[in-house]
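These notes concern the structure reproduced below.
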Amino acid sequence: MAADNVVDVGRLVDAQPIRAFHVKLIILLFCVLISDGFDLQAIGYVAPGLVKLWHIDRAALGPVFTASLIGMLFGAPLFGWVGDRYGRRFAILTGVFIYGIVTLAAAASQTEAQLLALRFVTGLGLGGVPANAVALIAEYAPRRVRATMIDVAQLGLTVGSMMPAVISGLFEARYGWRSQFVVGGLAPLAIGCALVLWLPESL
2 MAADNVVDVG RLVDAQPIRA FHVKLIILLF CVLISDGFDL QAIGYVAPGL VKLWHIDRAA
62 LGPVFTASLI GMLFGAPLFG WVGDRYGRRF AILTGVFIYG IVTLAAAASQ TEAQLLALRF
122 VTGLGLGGVP ANAVALIAEY APRRVRATMI DVAQLGLTVG SMMPAVISGL FEARYGWRSQ
182 FVVGGLAPLA IGCALVLWLP ESL
């Protein structure tokens with residue numbers, strides 16, 4: 002009798018049609034990954050402003066450029082564990098709010114050391130989001146379209162990596178290099194608020 006009451010969740014997910022729920026999930030995570038890609042690449046567009054303001058050689062910014070990448074090396078496995086232990090929703094929200102708040106704080110940086118530390122912490126959040134986003138999609142997507150849904154969401158990283166160039170052209174001449182970090186901080190915070198309302202929890 003007990004065996005008759007067992008629900009095969011995997012089979013249930015695979016059998017369902019594509020619904021508005023799936024579209025909303027992809028749109029939310031696409032936007033998340035846009036902000037992730039943006040904040041990863043934004044540092045490259047602030048370099049000329051930093052060199053001019055702080056009167057330093059561009060080569061001296063090498064550690065600042067790599068700090069977020071090093072942070073990602075730690076953030077990816079850390080948030081992978083967080084996602085397994087506390088759920089993908091919690092891991093994604095935590096990562097988004099970390100890099101949103103810290104990127105916004107980077108706009109107020111006054112020294113290389115401050116910016117380096119902030120970029121490292123930013124990398125922790127950036128590294129934790131993509132894998133959990135992919136895992137969350139994989140949990141809800143029917144097998145027949147799972148790869149397609151993941152690929153569509155991951156296009157957000159590519160789109161996001163191009164956006165700093167757009168922001169540079171629109172705002173940097175008037176507002177300076179800090180505008181990259183202001184946009185890169187406010188956008189994920191706004192997206193994070195949307196996630197709080199609509200992002201589902203792991204199955």
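The working numbering applies: residue 2 is where the sequence shown begins, and numbers increase by one.
Where a beta carbon is used, it is the ideal one built from N, C-alpha and C, also for glycine.
Output the distance between the C-alpha atoms of residue i and residue j, rounded to the nearest integer angstrom.
{"i": "V33", "j": "F121", "result": "19 Å"}
{"i": "L137", "j": "G185", "result": "24 Å"}
{"i": "T149", "j": "V183", "result": "33 Å"}
Grab me the residues of residue i's own chain with a C-beta within less than 7 Å of its C-beta, minus the 5 sequence neighbours each way, in chain order.
{"i": "L116", "result": "V65, A107 and S110"}
{"i": "G161", "result": "L34, I35, S36, D37, G38 and F39"}
{"i": "W178", "result": "V47, G50 and L51"}
{"i": "V146", "result": "I19"}
{"i": "Q42", "result": "S162 and P165"}
Please work out which residues of its chain come closer than 8 Å, Cβ to Cβ, to residue i, disregarding the five sequence neighbours upstream and downstream, and give them in chain order.
{"i": "V135", "result": "I151, A154 and Q155"}
{"i": "Y141", "result": "V14, F22, H23, L26, P201 and L204"}
{"i": "G88", "result": "E202 and S203"}
{"i": "E173", "result": "Y46, G50, S180 and Q181"}
Among the options, which one has its Cα closest to the Cα of residue i?
{"i": "L51", "options": "A195, L198 and Q181", "result": "Q181"}
{"i": "P189", "options": "D58, W178, T104 and R86", "result": "T104"}
{"i": "T159", "options": "A114, P131, V183 and V7", "result": "P131"}
{"i": "V12", "options": "A92, P143, V197 and T123", "result": "Reading the sequence as shown, one finds Arg at residue 12 and not Val. Out of A92, P143, V197 and T123, P143 has the C-alpha closest to the C-alpha of R12."}
{"i": "A68", "options": "A114, W199 and H56", "result": "A114"}
{"i": "V197", "options": "T112, T123, G124 and A92", "result": "A92"}
Quick one: using the 10 Å Cβ neighbour count with 16 as the cut-off for buried, is residue i buried or exposed?
{"i": "G193", "result": "buried"}
{"i": "T123", "result": "buried"}
{"i": "I57", "result": "exposed"}
{"i": "L74", "result": "exposed"}
{"i": "L171", "result": "exposed"}
Leaving aside the five residues before and after residue i along the sequence, list all residues of the same chain whose C-beta is less than 6 Å from its C-beta, in chain order.
{"i": "F98", "result": "G193"}
{"i": "S169", "result": "Y46"}
{"i": "G84", "result": "A92 and N133"}
Can you check whether the CB of residue j is closer than 7 Å to the CB of residue i?
{"i": "G126", "j": "G96", "result": "yes"}
{"i": "C63", "j": "G128", "result": "With the sequence shown as reference, residue 63 is identified as Gly, and Cys is not the correct amino acid for it. In this structure, G128 does not lie closer than 7 Å to G63 by Cβ."}
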